[in-house]
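Protein chains in written order, with the numbering used here: chain A, 2 to 346; chain B, 8 to 135.
Beta carbons are placed, not taken as given, at the ideal position from N, Cα and C, and that holds for glycine.
Computed from a predicted model, the values in this text were never measured in an experiment.
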Amino acid sequence: MPAMKLYVPHVGHMEGLQKLLADPSKIHSVYMAGSPDYIGTGRTNLSAPTLESIAEQTEYAHEKGVKIDMVLNSSCMGGQQLTPEGYRAIGWYLDRLNDIGIDSLTVADPYLIEMIAHEYDMETVVSVLSFVDSPQKAEFYEGLGADTIVVDPVVNRDFGKLEAIRDVTSGDLKLLVNEACLYQCPFRYAHFNFFSHANGPGPKPNVIDDYYYYKCLSLRIRNPEQIIKSPWIRPEDLSEYKHITDMFKIGGRTHFVEWILNNINAYYNESYDGNLLDLLDSIKDLKDTFYVANRDLEGAIEQWEKCDKNCHKCGYCKRLAENIIKIQTEDGNKKLSSIRNPEDI
Amino acid sequence: MTITNSLLKVRTELEDNLRNLLGIPVYLIELDAFALPCGCSGATINIRGFTVDDIEVFEEHILKFLEEATLKLEIQPSFLFARLIPGTAEVASLNARMLCDSCYRDFARGEGKQPRPDIYILKLEKNK
Ligand SMILES: [Zn+2]
Ligand SMILES: [Zn+2]
Chain A
2 MPAMKLYVPH VGHMEGLQKL LADPSKIHSV YMAGSPDYIG TGRTNLSAPT
52 LESIAEQTEY AHEKGVKIDM VLNSSCMGGQ QLTPEGYRAI GWYLDRLNDI
102 GIDSLTVADP YLIEMIAHEY DMETVVSVLS FVDSPQKAEF YEGLGADTIV
152 VDPVVNRDFG KLEAIRDVTS GDLKLLVNEA CLYQCPFRYA HFNFFSHANG
202 PGPKPNVIDD YYYYKCLSLR IRNPEQIIKS PWIRPEDLSE YKHITDMFKI
252 GGRTHFVEWI LNNINAYYNE SYDGNLLDLL DSIKDLKDTF YVANRDLEGA
302 IEQWEKCDKN CHKCGYCKRL AENIIKIQTE DGNKKLSSIR NPEDI
Chain B
8 MTITNSLLKV RTELEDNLRN LLGIPVYLIE LDAFALPCGC SGATINIRGF
58 TVDDIEVFEE HILKFLEEAT LKLEIQPSFL FARLIPGTAE VASLNARMLC
108 DSCYRDFARG EGKQPRPDIY ILKLEKNK
């Protein structure tokens, strides 16, 4: 059996949890969003479970030997958290979660991290949306009282940084394996702030188009090498990270349970035979456009381990993309070059 | 052929044509037929990886592909436009619309390619 703790997304209703935990043996903890009336989250929410439902689901997970984490990782609360009313409302909500027996809270705002670490026994987890990508930030958040840090995936392929973060922290580190944002994504702050408002306490913006997501897909469609550069971690490569941590988080709480179960199996077994895009969270819409045979990525980690990420000089990911990314068409999967003018490549 | 089969076929053909024209894997995320309460009807093609620059450079070809596609869906290609994310180069969708009288008056009154920041008109046949 692999020695690892898998942290698994949960859509938030009892039916989903029962399906997810039909076989709980591979799952260490599930995480879910709470009610957006108190603190939102940095992603789209499919459900807004009531306190009664959270209590019922917590009891069920605990019976199955699985921990429950509440994700309260708004990256922007518009300052409400610092008003007397905001402080009271958040405090009231956290008291209820504490009474219910929630095991941990994943939070992005440093103020909330300090507050929770000081006032509650629930484990305090620093969200990926706190963007901890250096030993300095890791030390800072530990100093605020955090128990666990989810490292910013931007350094998932920067082993020097990962090792430095590991060296300065005495708490736990968690790696998010399948998020697949653009490498050095310029949209992250703006996009998560937008989500936080759209999925938090009102007033909610009446948005027509999610510019950040459209643009994100567009950049990959026009430059498919961006898919390779995204700092996801293949199931097969988890072993390369065992000296950093044994805690791995799977992203994707807006997916169907079957999708989540497929990911759990892949990462638990450290093996996946299929389209890499089946496993990736944030760009799921591209799984019908591109086919990236996961097995074709065998050994790429060796390059990424030593790579200094000066893409314009290196060109490794670009060459890899040209070789292995296929375009899905009506008459089968085709190489990128079949539709591209080779001179443009 | 059922309407859904026609939509599937047109979606694929149009995607292939645009990919071959532009040399990038543009992606037709969804092709919908619609009917509005005002009386307008038509089709919306949600698209990713497609920009205003592509339209400006290849307008003639894109218009031709779009006209062919809409005819196959039995939509008169008299009003064709792209919906943009205002202030950006991103095209959110391509649209073919058979206008009701009232919407026709709204659009026919406008001038130029971009009567609104979110609309780029590829073709608007004026009534005689
Ligand atoms: Zn804000
Ligand atoms: Zn109308």
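Residue i burial status per 10 Å Cβ neighbour count (16 or more: buried)
{"i": "glutamine 19/A", "result": "exposed"}
{"i": "threonine 106/B", "result": "A small fix is needed here, since residue 106/B is leucine in this sequence, not threonine. Classification of leucine 106/B: buried, given that the 10 Å Cβ count is 16 or more."}
{"i": "cysteine 45/B", "result": "exposed"}
{"i": "glutamate 331/A", "result": "exposed"}
{"i": "isoleucine 183/B", "result": "As displayed, chain B neither begins before 8 nor continues past 135, which places residue 183/B out of reach and without an answer."}
{"i": "threonine 149/A", "result": "buried"}
{"i": "glutamate 237/A", "result": "buried"}
{"i": "histidine 11/A", "result": "buried"}
{"i": "methionine 71/A", "result": "buried"}
{"i": "phenylalanine 249/A", "result": "buried"}
{"i": "methionine 8/B", "result": "exposed"}
{"i": "lysine 243/A", "result": "exposed"}
{"i": "methionine 2/A", "result": "Legend: pLDDT at methionine 2/A = 48, less than 50; position of this residue unreliable, value from coordinates given subsequently. The residue in question, methionine 2/A, is exposed, as its Cβ has fewer than 16 Cβ neighbours within 10 Å."}
{"i": "aspartate 96/A", "result": "exposed"}
{"i": "methionine 123/A", "result": "buried"}
Three-state secondary structure (DSSP) of residue i
{"i": "lysine 205/A", "result": "coil"}
{"i": "phenylalanine 195/A", "result": "helix"}
{"i": "glutamate 37/B", "result": "strand"}
{"i": "aspartate 238/A", "result": "helix"}
{"i": "leucine 87/B", "result": "strand"}
{"i": "asparagine 99/A", "result": "helix"}
{"i": "arginine 89/A", "result": "helix"}
{"i": "arginine 116/B", "result": "helix"}
{"i": "leucine 106/B", "result": "coil"}
{"i": "threonine 107/A", "result": "strand"}
{"i": "serine 339/A", "result": "helix"}
{"i": "lysine 314/A", "result": "helix"}
{"i": "leucine 43/B", "result": "coil"}
{"i": "glutamine 121/B", "result": "coil"}
{"i": "glutamate 120/A", "result": "helix"}
{"i": "glutamate 140/A", "result": "helix"}
{"i": "serine 131/A", "result": "helix"}
{"i": "alanine 99/B", "result": "strand"}
{"i": "lysine 130/B", "result": "strand"}
Other residues of its chain near residue i: CB distance less than 7 Å, five sequence neighbours each side excluded
{"i": "isoleucine 92/B", "result": "Ala99"}
{"i": "leucine 145/A", "result": "Pro111, Ile114, Glu115 and Ala118"}
{"i": "glycine 275/A", "result": "Asn295"}
{"i": "leucine 281/A", "result": "Asn179, Ala181 and Trp233"}
{"i": "lysine 79/B", "result": "Ser13 and Val17"}
{"i": "serine 240/A", "result": "Glu271"}
{"i": "aspartate 153/A", "result": "Val129, Phe132, Val133 and Asp134"}
{"i": "isoleucine 346/A", "result": "Unreliable placement is indicated for isoleucine 346/A, whose pLDDT of 46 sits below 50; the coordinate value is still reported in the next sentence. Only Glu323 and Ser338 meet the Cβ criterion."}
{"i": "histidine 319/A", "result": "According to the sequence displayed, residue 319/A carries lysine and not histidine. Around lysine 319/A: Glu226."}
Sequence-distant residues of the same chain with beta carbon closer than 6 Å to residue i, five excluded per side
{"i": "glycine 41/A", "result": "Ser75, Ser197, Asn200 and Gly201"}
Any C-beta of chain C under 8 Å from that of residue i
{"i": "glycine 56/B", "result": "The chain inventory of the structure shown lacks chain C, comprising the protein chains A and B."}
Close Cβ partners of residue i (< 8 Å) along its chain, the five nearest in sequence each way excluded
{"i": "proline 206/A", "result": "Phe195, His198 and Ala199"}
{"i": "isoleucine 101/A", "result": "Leu52, Ile55, Ala56 and Thr59"}
(request) Quick one: which unbroken beta strand (DSSP E) runs of 3-plus residues sit fully inside the stretch 142-185 of chain A? Chain order, please. (result) You should have 149-152 and 173-177.
(request) Quick one: residues with CB closer than 7 Å to any heavy atom of ligand 2, in chain order, please. (result) The answer, residue by residue, is Leu43/B, Cys45/B, Gly46/B, Cys47/B, Leu106/B, Cys107/B, Ser109/B and Cys110/B.
(message) Just to confirm the assignment: which complete beta strand (DSSP E) runs, minimum length 3, are found wholly within the stretch 270-298 of chain A?
(response) Within the stretch 270-298 of chain A, the runs of beta strand (DSSP E) at least 3 residues long that lie entirely inside it are, in chain order, 291-293.
(request) Entirely within the stretch 2-31 of chain A and at least 4 residues each: give me those alpha helix (DSSP H) ranges in chain order. (result) The stretch 2-31 of chain A contains these whole alpha helix (DSSP H) runs: 15-21.
(request) Pick out the complete beta strand (DSSP E) segments inside the stretch 24-81 of chain A, 3 residues or longer, and give them in chain order. (result) Taken in chain order, the complete beta strand (DSSP E) segments of 3 residues or longer contained in the stretch 24-81 of chain A are 30-34 and 68-73.
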